[in-house]
Amino acid sequence: MTIHLDSGVITRLCDEDIAFDAARLALEGQREGSFALPQRIDVNVATGFFRAMPAALGEYMGVKLMTLAKGVGNRYLLLVYSQKSGELLATLDAAEVTRLRTAATTALAGRLLRPEGTTVLGLIGTGFEAEGHLRAFARMWPLEKVRVYSRSQDKRQEFAERLGTALGLDIEPAADVAEVAGGAAVTVLCTKATEPVVDGRSFAPGAVVLSIGSTRPDLRELDDAVFARARAVLVDDPASVLAESGDVKSAVASGAITPESLVSMAGWSDDRAPAEGERDLLVFKSVGTALQDLALAAVLMKSAAERGLGRDLGEITELKRAVRGK
15 MTIHLDSGVI
25 TRLCDEDIAF
35 DAARLALEGQ
45 REGSFALPQR
55 IDVNVATGFF
65 RAMPAALGEY
75 MGVKLMTLAK
85 GVGNRYLLLV
95 YSQKSGELLA
105 TLDAAEVTRL
115 RTAATTALAG
125 RLLRPEGTTV
135 LGLIGTGFEA
145 EGHLRAFARM
155 WPLEKVRVYS
165 RSQDKRQEFA
175 ERLGTALGLD
185 IEPAADVAEV
195 AGGAAVTVLC
205 TKATEPVVDG
215 RSFAPGAVVL
225 SIGSTRPDLR
235 ELDDAVFARA
245 RAVLVDDPAS
255 VLAESGDVKS
265 AVASGAITPE
275 SLVSMAGWSD
285 DRAPAEGERD
295 LLVFKSVGTA
305 LQDLALAAVL
315 MKSAAERGLG
325 RDLGEITELK
335 RAVRGK
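Residue 307 in this note's numbering sits at position 293 of the sequence shown; the count goes up by one each step and never skips.
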């Protein structure tokens, strides 16, 4: 039997706290070695691209499929299988899964890099991911002030008013991106920019920079100057970030960092990378992994079964039985 969880069901089943717990489960699985994470596959076509992200974690294995049609948008589908039986257990409309797990992973990275948290947050971006990240950090840290930047005055004003009311926060729309970066101990960047959005020299001394844009080689969010100031570059998966992030590829090519500079979240410890000379920033770069998707899917599938939610698709894959002895 295969269960389908659409975005409405996922929204009912999940919040930022549940997503954060799932992110920790994914991290624990990496630390224990109970996972497999092959490189994602991108198929570029004239109208966009098709992406397949396979992984295995705990008792599950699966793949997230993503399409981009230029001028139309993205679609996401997550397929979850049992490692033991090979049965397709669930399909999930993974747009909401992606939003929740991305923000939760960034929040977890923020906790690793700045355990004491912060009351003032800088936010660059006002879209789908920016809202998810602000909600996650508002649940995790005692935020008092948020400064948000977008190139569009109308968008940053609307974002500040809507989220300020919803979250009970003082959110100030800012016209100067350097002001946002320079005025906060932690700055979160959530853009789809193709060129760096802020001068790396603008960030406050010793700041934490959490960047989730630039998930493809043709996208850029951080410039090389950020990495030249980095005393540590924390990533969700080094191989994926090296292969996919335009920011990191540029920083390596310029000599600002080396591939060995990247530290997996699973290998992070509080005593790593003391400040040295001009290298004062702690930087997080993420391109997302199917491990994060599987961890959250496992939590959602269990909750859906307990609450009787989801659409039963029946047996949609036929079993070709094994030949005896093989």
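The beta carbon of each residue, even a glycine, is placed where N, CA and C say it ideally should be.
Rounded to whole angstroms, L224 and K159 show a C-alpha spacing of 17 angstroms.
9 angstroms or more divides the Cβ of M80 from the Cβ of D326. Taken in chain order, the unbroken stretches of beta strand (DSSP E) that lie wholly in the region 176–256 and span 3 residues or more are 184–188, 200–203, 222–225 and 244–249.
Positions of the beta strand (DSSP E) runs, each at least 3 residues long and wholly inside the region 30–69, are given as 55–59 in order along the chain. If only complete runs of 3 or more residues are kept, the region 98–148 shows the beta strand (DSSP E) at 102–107 and 134–138, in order along the chain. Of A336, C28, G324 and P273, the smallest CA-CA separation from A117 is found for C28. The secondary-structure analysis by DSSP pairs D326 across a beta bridge with I17.
Under DSSP, L295 takes part in a beta bridge, and its partners are A244. For K98, the closest C-alpha among the options Y90, G87 and G72 is that of G72.
By the criterion of a C-beta distance shorter than 8 angstroms, A123 is surrounded in its chain by L224, L248, D250, M279, F298 and S300, once the five residues flanking it on both sides are discounted.
In the DSSP assignment, A280 falls outside any alpha helix (DSSP H), carrying neither H nor E. When the Cα atoms are used, G324 and I17 turn out to be separated by approximately 6 angstroms.
The bridge partners DSSP lists for S96 are Y74.
Short of 7 angstroms from the beta carbon of T119, and not among the five residues preceding or following it, lie these beta carbons of its own chain, in chain order: A37, D250, S300 and Q306. Here L157 is near T132, since their CB atoms are less than 9 angstroms apart. Judged by DSSP secondary structure, R338 falls outside any beta strand (DSSP E); it is assigned neither H nor E.
Beyond the five residues adjoining it in sequence on each side, T208 comes within less than 7 angstroms, by CB distance, of D232, L233 and R234 in the same chain, given in chain order.
Only residues of its own chain outside the window of five on either side were considered, and among them T140 have a CB closer than 8 angstroms to the CB of S166, listed in chain order. Taking 9 angstroms as the cut-off, the Cβ atoms of V111 and A104 do not count as close. About 6 angstroms separates the Cβ atoms of L183 and A152, confirming a contact at the 8 angstroms cut-off.
Shortest Cα-Cα distance from I138 to any of W282, V162 and G227 involves V162. When only Cα atoms are considered, V222 and I330 end up about 46 angstroms apart. Leaving aside the five residues that flank V262 on each side, the residues in its chain whose CB is nearer than 7 angstroms to its CB run, in chain order, V255, L256 and K299. Per DSSP, the unbroken beta strand (DSSP E) holding V162 starts and ends at K159 to Y163.
In the DSSP assignment, G260 falls within the unbroken alpha helix (DSSP H) covering G260 to S268. About 7 angstroms separates the beta carbon of G76 from that of A304, a gap short enough to meet the 8 angstroms contact definition. Under the three-state reduction of DSSP, L333 is assigned to coil, being neither helix nor strand. Boundaries for K84: no alpha helix (DSSP H) harbours it, and the DSSP string shows neither H nor E there.
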